[in-house]
Amino acid sequence: MYDATFKIIIFGDDNCGKETLTQRFLTNLFVSDQTMTIGVDFEVKSLSVDEQKVKLQIWDFGGEERFRFLLPTYARGARGGLFLYDITNYSSIAHIDDWLRVIRKEIRAEDIFPIIVVGNRAHLVNDREVSSTEGIKIAKSRAVNGFIEVSAKTGENV
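FYI, in the working numbering the residues of the sequence shown are 287 to 444.
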């Protein structure tokens with residue numbers, strides 16, 4: 287039995303590492319040969335937060351544009367989201383407005399729905415196409431609730 291259940295969504299372009307990041311969070315292992323998510327993937331993690339048993343439902347959306355139509359349906363009931371992009375691929379953050387438009391169309395004005403912008407592959411510093419400063423600037427200009435860079439490979443900030 288859980289004291290609370292929270293549903294979060296992870297969204298962003300394909301090949302940004304959403305599934306790899308999710309698996310790192312769930313198992314603390316790096317799995318390099320993840321298959322691309324087709325449609326939607328669903329995972330659960332039990333956590334203890336302030337002595338409360340929490341069930342975290344993680345919904346990972348396939349990043350291909352042909353799957354975006356699924357996002358509004360599965361986003362209903364979510365308590366927040368992570369927009370994931372690849373710091374070594376500028377086009378993955380360039381599509382943030384398209385993703386946010388789909389999400390925000392489904393969120394009622396009275397709902398509290400925090401979104402955090404997450405730059406993945408922080409270990410690939412020499413291949414970076416999106417600077418941390420630019421990522422922060424893009425996040426702030428979109429009125430999201432936070433920004434962080436992570437590495438699913440090394441576990442940094444996961």
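A virtual CB, placed ideally from N, CA and C, is assigned to each residue, including glycine. All values reported here derive from a predicted model rather than from experimental measurement.
For residue i, which residues does DSSP report across the bridge?
{"i": "N406", "result": "D372"}
{"i": "E329", "result": "I344"}
{"i": "F297", "result": "F369"}
{"i": "G432", "result": "I402"}
{"i": "F292", "result": "L342"}
What is the C-beta distance between residue i and residue j, in whole angstroms, given that I count them as a contact (C-beta under 8 Å)?
{"i": "F347", "j": "I295", "result": "7 Å"}
{"i": "G367", "j": "I401", "result": "5 Å"}
{"i": "E435", "j": "I373", "result": "7 Å"}
{"i": "P358", "j": "K391", "result": "7 Å"}
{"i": "A290", "j": "Q338", "result": "6 Å"}
{"i": "S418", "j": "C302", "result": "Contact doesn't hold; Cβ gap of about 16 Å is too wide."}
{"i": "F328", "j": "Q343", "result": "7 Å"}
Among the options, which has the Cα closest to the Cα of residue i?
{"i": "G442", "options": "Y360, N406, E415", "result": "Sequence inspection shows Glu at residue 442; the Gly mentioned does not correspond to that position. It is N406 whose Cα lies nearest to the Cα of E442."}
{"i": "Y376", "options": "K341, E420, A361", "result": "E420"}
{"i": "S340", "options": "V430, F292, A361, A408", "result": "Note that residue 340 is Val in the sequence shown, not Ser. Per the Cα distances, F292."}
{"i": "D463", "options": "A425, L315, E350", "result": "Nothing can be reported for residue 463: it is not among the residues displayed for the chain, which extend from 287 to 444."}
{"i": "K304", "options": "L370, S332, L342, T313", "result": "L370"}
{"i": "V411", "options": "T308, Q338, N314, T440", "result": "T440"}
{"i": "F355", "options": "H409, A408, D384", "result": "D384"}
{"i": "Y288", "options": "T313, I324, V335", "result": "V335"}
{"i": "G432", "options": "F399, W345, F311", "result": "F399"}
{"i": "L312", "options": "I422, R365, L333", "result": "L333"}
{"i": "V326", "options": "A408, W345, K426, H409", "result": "W345"}
Considering only the beta carbon of each residue, do residue i and residue j sit closer than 9 Å?
{"i": "T306", "j": "F316", "result": "yes"}
{"i": "I424", "j": "V444", "result": "no"}
{"i": "V416", "j": "L386", "result": "no"}
{"i": "A438", "j": "I393", "result": "no"}
{"i": "R428", "j": "I382", "result": "yes"}
Output yes if chain D places a C-beta closer than 9 Å to the C-beta of residue i; else output no.
{"i": "S318", "result": "Structure shown: chain D not included; a single protein chain is present."}
Could you tell me whether any non-hydrogen atom of the ligand ADP is closer than 8 Å to the CB of residue i?
{"i": "V403", "result": "Looking for the ligand ADP in the displayed structure turns up nothing, as the structure carries no ligands at all."}
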